[in-house]
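Protein chains: 2
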Amino acid sequence: MQNEKNTDQNFNCPMVKFVNLIAGKWAIPILYRLIITNEPIRFGELKRAISPITQKELTKQLRLFEQKGLISRKLYPEVPPKVEYQITELGKTLKPALNSIANWMKQHEQELR
Amino acid sequence: MQNEKNTDQNFNCPMVKFVNLIAGKWAIPILYRLIITNEPIRFGELKRAISPITQKELTKQLRLFEQKGLISRKLYPEVPPKVEYQITELGKTLKPALNSIANWMKQHEQELR
DNA sequence: CAGTATCCTTTAGGATACTG
DNA sequence: CAGTATCCTAAAGGATACTG
């Protein structure tokens, strides 16, 4: 089947995969906050830091990143509950790539029409 | 107004801006094809190369990139019409950043759960 | 050939109410 | 506090027909 060729081509493209990983509206803000914090941060504090994200979207994106192994989630079985999120070592390896795209944008922002 | 603070924070974040630039479903495939081709390529040939994109989506994304100055469009006023697209010098400067994210994905793909 | 125009479906994401 | 559940709107993108 012809279409499979290019559909696969797109799915197999590492750039496309990377974009899919960080293309959510709140993905970068969340990752960025966890990276620069670099220590456990509670759900509520994280939410306030990247406001005006909704609880639903924050939870969803955190679950995705946790699944990927980019962040960790620690539940303290207290009442009221306490949950801390933290960037993982794998997550930290994103830094150079993220810096690279940030630097491109800083350098070429004025040239972009 | 409180919300402006973080809305602005997101809009001002160069990483977020970069993602917005290349987050369209066909953005990377189009850019990638024009970059590796590195010479003028006709609309139809481009469409076939990144099939199964639709004409509408291809046109829309090409217009966006042209507007940004990342690609150029040259119309030959013939019948039938001939239009050639090509990556610009500005567009070529994306290469290191795109390589950076591609390399991250290649190196960490197996660790990603 | 290189588009537009139109219609349609799917998905992302926001608002709000509720809960262990 | 840290979520779920539900409803809703807007935007992205696909299919198809038409045109200079």
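Line order of the protein sequences matches chains A and B.
Taking our numbering, the leading residue of the first sequence gets 1, the next gets one more, and so forth.
Taking our numbering, the leading residue of the second sequence gets 1001, the next gets one more, and so forth.
Every residue gets a Cβ at the ideal spot worked out from N, C-alpha and C, and that includes glycine.
Annotation for B:Lys-1047: Ile-1053, Gln-1055, Leu-1058 place their beta carbon closer than 8 Å to its own, counting only its chain and skipping 5 residues before and after. According to the DSSP secondary-structure assignment, A:Ser-72 is paired through a beta bridge with A:Gln-86. Residues of chain B with a Cβ closer than 8 Å to the Cβ of A:Thr-54 do not exist, since the nearest Cβ in that chain sits about 12 Å away. In the structure shown, B:Ile-1022 falls within a helical segment according to DSSP collapsed to helix, strand and coil.
Here the stretch 1063-1078 of chain B lies against the stretch 1086-1094 of chain B, with 3 or more beta-carbon pairs under 8 Å apart.
Nearest C-alpha to A:Arg-73 among A:Val-83, A:Leu-98, A:Leu-31: A:Val-83. For B:Gly-1044, the nearest beta carbon of chain A is not closer than 7 Å to its own beta carbon. Residues of the stretch 1074-1092 of chain B with a C-beta less than 9 Å from any C-beta of chain A: Leu-1090, listed in chain order. A buried status is given to A:Lys-17, since no fewer than 16 other beta-carbon atoms sit within 10 Å of its beta-carbon. Straight through space, the alpha carbons of A:Phe-65 and B:Phe-1065 are spaced by roughly 30 Å. Excluding five sequence positions before and after B:Ile-1028, the CB atoms of its chain that fall closer than 7 Å to its own CB belong to Ile-1022, given in chain order.
DSSP places A:Pro-96 in the uninterrupted alpha helix (DSSP H) bounded by 95-108.
Taking a Cβ-Cβ cut-off of 8 Å, the neighbours of A:Ser-100 in chain B comprise Pro-1096, Ala-1097, Ser-1100, Ile-1101, given in sequence order. For a cut-off of 8 Å, the C-beta gap from B:Ile-1030 to B:Leu-1062 is around 7 Å, short enough to register as a contact. For A:Ile-41, the beta-bridge partners assigned by DSSP are A:Tyr-85. Under the Cβ distance rule, A:Gly-69 counts among the residues neighbouring chain B, one pair being separated by less than 7 Å. Inclusion of B:Ala-1102 and A:Met-105 in the CB contact set at 7 Å is not warranted, their separation being larger than that value. Taking A:Thr-93 as reference, the option from A:Pro-40, A:Tyr-32, A:Tyr-76, A:Gly-44 with the minimal CA-CA separation is A:Tyr-32.
At least one beta carbon of chain A lies nearer than 7 Å to the beta carbon of B:Leu-1112.
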